[in-house]
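Worksheet for the structure shown next.
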Amino acid sequence: MRKVLIANRGEIAVRVIRACRDAGLGSVAVYADPDRDAPFVRLADEAFALGGSTAKDSYLDVCKLLDAAASAGADAVHPGYGFLSENADFAQAVVDAGLTWVGPTPQAIRDLGDKVTARHIATRAGAPLVPGTKEPVSGAEEVTAFAEEHGLPVAIKAAFGGGGRGLKVARKLGEISQLYDSAVREAVNAFG
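Residue numbering for the sequence shown follows the numbering used here, beginning at 3 and increasing consecutively.
Shown next, in the form of structure tokens:
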């Protein structure tokens with residue numbers, strides 16, 4: 003590794019830029035139009051404009067990020083956190099472009115992005131786990147039955163999804179049905 007493109011912004015970009023400097027690596031910042039004068043842009047060895055004023059049009063645009071990496075001659079991509087950091091397809095696109103992905107493998111991201119698969123992996127590894135279902139529940143009735151057996155509070159979480167989206171905490175049995183429906187709606191809206 004010689005030069006790392008940081009596919010992120012703000013404080014996490016600053017931290018990665020400093021880590022690159024400490025390791026003797028070049029750093030490449032990318033930025034959306036509103037961030038052109040941000041500290042992370044000035045701190046990096048190089049900076050490339052992604053265009054766009056929203057995350058969707060900049061930091062979440064895989065093609066723009068890979069084009070910036072190629073233009074800068076970066077040989078690695080660090081995702082930071084948030085944005086595309088948990089996107090297995092982005093990680094795979096980086097690897098397929100012949101670059102080093104600084105993070106978990108695309109398969110690990112896929113496996114751990116699915117809470118049910120992650121729980122199976124943790125069980126096989128002998129990791130201690132809080133009580134939970136072995137498979138996704140099919141409705142609020144199953145969540146209520148689980149709560150009656152194991153107690154409250156219970157977390158209701160979409161199997162896929164991150165950033166806390168689709169996560170609800172029921173502290174009373176009577177709110178489980180409403181919170182289950184809300185978690186499902188939120189996860190469908192956020193993740194399809």
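Note that the Cβ used here is the ideal one computed from N, Cα and C, for glycine as well. None of these values were measured; they are calculated from a predicted model.
C-alpha gap between residue i and residue j, whole angstroms
i      : j      : result
Thr125 : Thr135 : 12 Å
Leu114 : Pro130 : 16 Å
Leu6   : Lys170 : It is worth fixing the name first, because residue 6 is Val in this sequence and not Leu. About 37 Å.
Ile19  : Arg11  : 11 Å
Phe42  : Arg112 : 30 Å
Thr119 : Ala110 : 10 Å
Leu27  : Ala40  : 21 Å
Leu175 : Leu154 : 8 Å
Ala147 : Gln180 : 15 Å
His152 : Gly141 : 17 Å
Cys65  : Ala25  : 28 Å
Tyr182 : Ala57  : 29 Å
Arg17  : Glu143 : 45 Å
Ala172 : Lys159 : 11 Å
Pro36  : Glu137 : 43 Å
Cβ shell of residue i (< 8 Å), same chain only, five flanking positions each side left out
i     : result
Val97 : Trp103 and Pro108
Beta-carbon proximity check, residue i vs residue j, cutoff 8 Å
i      : j      : result
Ala70  : Phe50  : yes
Met3   : Asp77  : yes
Leu62  : Leu86  : yes
Ile8   : Gly82  : yes
Gly105 : Ala93  : yes
Ala99  : Ser60  : no
Val79  : Leu101 : yes
Integer Cβ distance of residue i from residue j, believed to fall under 8 Å
i      : j      : result
Ile178 : Ala157 : Not quite, the Cβ-Cβ distance comes to about 11 Å (not below 8 Å), so this is no contact.
Neighbourhood of residue i by C-beta, 6 Å cutoff - its chain only, sequence neighbours within 5 removed
i      : result
Pro133 : His152
Asp47  : Gly28 and Ser29
Ile14  : Gly82 and Tyr83
Close-in-space but distant-in-sequence residues of the same chain around residue i (CB under 7 Å, 5 per side omitted)
i      : result
Arg121 : Leu131 and Gly134
Val139 : Val145
Ser184 : Lys170
Quick check for students: name the residue ranges of the alpha helix (DSSP H) that lie wholly in the region 16 to 63, counting only runs of 4 or more.
Fully enclosed alpha helix (DSSP H) runs of 4 or longer: 41 to 45.
Which runs of the alpha helix (DSSP H) spanning at least 4 residues fall entirely within the region 134 to 184, listed in chain order?
Qualifying alpha helix (DSSP H) stretches, in chain order: 142 to 152.
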